[in-house]
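A.B. asks:
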Ligand code: MOS
């Protein structure tokens, strides 16, 4: 078998992407007679619609219809959240009643012959409201704090030993209160929807990272058979965690298309995308750590609160990770959700790890300072091969290997032990580090694999190319295992009409799809091998298990080889095809049924902790007079099992690290009242090229045959985790100031 996986290979869709030939969902060819929709959203966060004045909108030439709750109330059935057994990213139904439950809620859908007319008519819609007071965030009157265990069945706070007694008795202890802000995904491709009916059959073009959830969710909402709904995503122009389930506007576009008898396309504005989709909610944390003089942890307490909506059980849980990272005999966690009058938050790259590890890893840095220990030495002292909460083993534990590789490449040894002493002209210089860890999630997946007599192959599954390079990996994997050229493998993805696979989320895509591909290719090889080795066959007498597909032949160890055309021809003149059904270790056979029903099926092994690891290093320069903060260098070292394509893996990791820089220094959605005040890319800051210095991502070997058959762990989210803490720790090292609230701003350090 020629080795293709594991070597760098450029993206197979790269040329199409840079030449503009690539087709995203939003680029689907416009059918004749298509109409264009625009949204009207509520400026108030809580209250009631008392009336509409549509006269001005109706006077706009080209207007085809204005839909409000008066027209469509009751037309969309309630469907639960994806994380609660359903399909949606928010179970709120707009245009269902006169009630307003958050700012930015859709109150009307306007359809016209052109996008310009739709936008003009939407702007002309007058809505009258009766406004009630709204709770916009933590500590707002009316905000309701609930135990996470009461919100999410299955969640349990962790208690091991008596950490409060250990804290009281310990000579060294710290308490860190940390806060992280609201952040919004801002993919370049907006949350577009196109709905086309053919009789009772609905086709939706929408950038989504779970076509199955959109298909089954729409069917449930609109009372259709799932087989009558097709969802086509094509390539995704970014999502970063959004686009993970069925959105509220999709069914409205479908309803409008049905009532108007023509296809309808919606391209919401960037501003509207801040409220019609999801966001990373704000969080606040209290971490208490105690240690002996040798640095060994004796107590860990992590109390966390996250914001969520009034109406969904979604909340980010993260203490399962922070409690299990370091050896510690006494642990207590407490997680609570604060329900406010905003839309439901959602996953954003490494949803819990980004905020929760910010809290833990700044606390660890502070503890190292208290102890007078090097921060890496403190982590080495508390390294563990087993979970301190459950005593289960880690399938591998290369955390310190990451710190060692990263420290060497970064030049950690040159770091001054004391903070606030390193200067370079007007710049205070600081070096900081933090851990990045993430549990490895994996899901059931199905994959159709076809090997053709002409030396080409096709692999097809509903899963999605979200920019992570899965198309390239599938082509590489099929080429390697079927013995054909990478260029001759056709990869079909992003369409609910293809064999189902799950959400492209939780860094599970590569792990799940590549294991399914391996299974499918093995099924194809096995069928050819058994046919060839059968009595009277061309390779009779050989052990079928020893026959390999390589370089266009089916080859035996003794040198006998059957050309592919002849091998395939034993079964069919043109091609041999199989459908692989992959169920991960610990997964139940029902996992396939759940997959076919569009449910989320990410699983973790139950007898071990399979994690991916990393160590993040940052050099920060803080201008002594102006407080300007620059990050000239980021170095990350990552161990994520077997790396199948170092080129796309590095690209994922570097992208994550740059985003981590944004998370530390720039990104914040400002909540005022209960509304977002900076919903555009002029005022919501993300890193530009000028903000980014040298970014280096190292890959640390992590052979792990326990995690899953291929030993692949997924690294889509690993790169962002811990960067915010590494930068905050570097700011402390540069200035002596401990900043516990993100983003870190000039005024914090000037
Ligand atoms: Mo992630 S934002 O859970 O794909």
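In our numbering, the protein residues as written are 1204 to 1953. Don't be surprised by glycine CBs; every beta carbon is placed ideally from N, CA and C. As the structure is a prediction and not an experimental result, all values here were calculated from the model.
#1: Which runs of the beta strand (DSSP E) at least 3 residues long sit entirely within the stretch 1366-1442? Give them in chain order.
#2: Tell me whether the beta-carbon of residue 1384 lies closer than 7 Å to the beta-carbon of residue 1871.
#3: Helix, strand or coil for residue 1642 per DSSP?
#4: Following the continuous alpha helix (DSSP H) through residue 1274, name the residue where it begins and the one where it ends.
#5: Using the Cα positions of residue 1350 and residue 1324, report the straight-line distance between them to the nearest angstrom.
#6: Grouping DSSP H, G and I as helix and E and B as strand, with all else coil, what is residue 1209?
#7: State yes or no: is the C-beta of residue 1801 nearer than 6 Å to some heavy atom of the ligand MOS?
#8: Which stretch, first to last residue, makes up the alpha helix (DSSP H) that contains residue 1326?
#9: Judging by CA-CA distance, which residue of 1430, 1280, 1423, 1442 is the nearest neighbour of residue 1228?
#10: Indicate whether the contact test is met: 3 or more Cβ pairs, each with one atom in the stretch 1566-1578 and one in the stretch 1400-1415, closer than 8 Å.
#11: Quick one: what's got a C-beta closer than 7 Å to residue 1733's C-beta in the same chain, skipping five residues either side?
#12: By Cβ distance, which residues of its chain are closer than 8 Å to residue 1288, with the 5 residues on each side in sequence left out?
#13: When you measure from the CB of residue 1550 to every non-hydrogen atom of the ligand MOS, does any distance come out below 6 Å?
#14: What does DSSP give as the partner residues of residue 1534 in its beta bridges?
#15: Only counting runs of 3 or more residues, tell me where the beta strand (DSSP E) segments fall wholly within the stretch 1761-1816, in order along the chain.
#16: Of all the alpha helix (DSSP H) runs that stay within the bounds of the stretch 1658-1695, which reach a length of 4 or more residues?
#17: Give me the DSSP bridge partner(s) of residue 1819.
#18: With a cut-off of 8 Å, do at least 3 Cβ pairs link the stretch 1328-1345 to the stretch 1275-1283?
#19: DSSP three-state call for residue 1559: helix, strand or coil?
#20: Comparing C-alpha positions only, which one of 1512, 1460, 1640, 1267 sits nearest to residue 1348?
#21: DSSP state of residue 1745, grouped into three classes?
#22: Between residue 1622 and the ligand MOS, is there a pair consisting of the residue's CB and a ligand heavy atom that are separated by less than 6 Å?
#23: State whether the stretch 1411-1421 contacts the stretch 1800-1816, with contact taken as three or more CB pairs (one from each stretch) at a distance under 8 Å.
#24: Can the beta-carbon of residue 1888 be found closer than 7 Å to that of residue 1612?
#25: Counting only the same chain and skipping the five closest in sequence on each side, list residues whose C-beta sits under 6 Å from that of residue 1378.
#26: Between 1468, 1911, 1356, which lies nearest to residue 1398 when the distance is taken from Cα to Cα?
#27: By Cβ distance below 7 Å, which residues in the same chain neighbour residue 1903 in space, the five residues on each side in sequence not counted?
#28: From which residue to which residue does the beta strand (DSSP E) around residue 1698 run?
#29: Strictly by DSSP, which residues pair up with residue 1855?
#30: Restricting to Cα atoms, I'd like to know which of 1950, 1938, 1919 is closest to residue 1556.
#31: Taking 6 Å as the cut-off, does the CB of residue 1554 come closer than this to any heavy atom belonging to the ligand MOS?
#32: Of all the options 1661, 1714, 1346, which has the alpha carbon lying nearest to the alpha carbon of residue 1907?
#33: Spatial neighbours of residue 1587 within its chain, please: CB distance less than 7 Å, with the 5 preceding and 5 following residues excluded, ordered by chain position.
#34: Just list the beta strand (DSSP E) runs in the stretch 1228-1303, keeping only unbroken ones of 3 residues or longer that don't cross its boundaries, in chain order.
#35: Tell me the DSSP secondary structure of residue 1590 in three-state form.
#36: Does residue 1308 pass the burial test, meaning 16 or more other C-beta atoms within 10 Å, or should it be called exposed?
C.D. replies: So, from the listed chains and residues:
#1: Qualifying beta strand (DSSP E) stretches, in chain order: 1375-1383, 1396-1401, 1404-1408, 1432-1435.
#2: Closer than 7 Å, so yes.
#3: Residue 1642 falls in the strand class under three-state DSSP.
#4: Residue 1274 -> alpha helix (DSSP H) spans 1272-1275.
#5: The alpha-carbon of residue 1350 is positioned some 45 Å away from that of residue 1324.
#6: Coil at residue 1209, not helix or strand.
#7: The answer is no for residue 1801.
#8: Residue 1326 -> alpha helix (DSSP H) spans 1318-1327.
#9: Looking at 1430, 1280, 1423, 1442, the one whose alpha-carbon comes closest to that of residue 1228 is 1442.
#10: Counting Cβ pairs under 8 Å, fewer than three are found: no touch.
#11: The answer, listed in chain order, is 1747.
#12: Only 1802 meet the Cβ criterion.
#13: Yes, the ligand MOS has a heavy atom inside 6 Å of this Cβ.
#14: Residue pairing by DSSP places residue 1534 opposite 1363, 1503 in a beta bridge.
#15: Taking only runs of at least 3 residues, the beta strand (DSSP E) segments lying wholly in the stretch 1761-1816 are 1764-1766, 1778-1785.
#16: If only complete runs of 4 or more residues are kept, the stretch 1658-1695 shows the alpha helix (DSSP H) at 1673-1685, in order along the chain.
#17: Paired residue(s): 1637, 1839.
#18: With a cut-off of 8 Å on Cβ pairs, the stretch 1328-1345 is not in contact with the stretch 1275-1283, counting fewer than three such pairs.
#19: Three-state result, residue 1559: helix.
#20: Its Cα nearest to that of residue 1348, the residue 1512 stands out among 1512, 1460, 1640, 1267.
#21: Here residue 1745 carries a coil assignment [DSSP, helix/strand/coil].
#22: Closer than 6 Å to some heavy atom of the ligand MOS: that does not describe the Cβ of residue 1622.
#23: The stretch 1411-1421, when compared against the stretch 1800-1816, does touch it at the 8 Å Cβ threshold.
#24: Not a contact, by the Cβ cut-off of 7 Å.
#25: Cβ within range, chain order: 1491.
#26: Measuring from the Cα of residue 1398, the nearest candidate turns out to be 1468.
#27: Once the five neighbours on either side are set aside, the close Cβ partners of residue 1903 are 1601, 1604, 1605, 1608, 1840, 1841, 1842.
#28: Annotation: residue 1698 is outside any beta strand (DSSP E) and is labelled neither H nor E by DSSP.
#29: Residue 1855 is not bridged to any residue.
#30: Closest by alpha carbon: 1919.
#31: Residue 1554 Cβ: within cutoff of the ligand MOS.
#32: When each option's Cα is compared against that of residue 1907, the closest is 1714.
#33: Cβ within range, chain order: 1529, 1530.
#34: Taking only runs of at least 3 residues, the beta strand (DSSP E) segments lying wholly in the stretch 1228-1303 are 1238-1244, 1250-1256, 1266-1270.
#35: Note: residue 1590 maps to coil in three-state DSSP.
#36: Burial call: buried.
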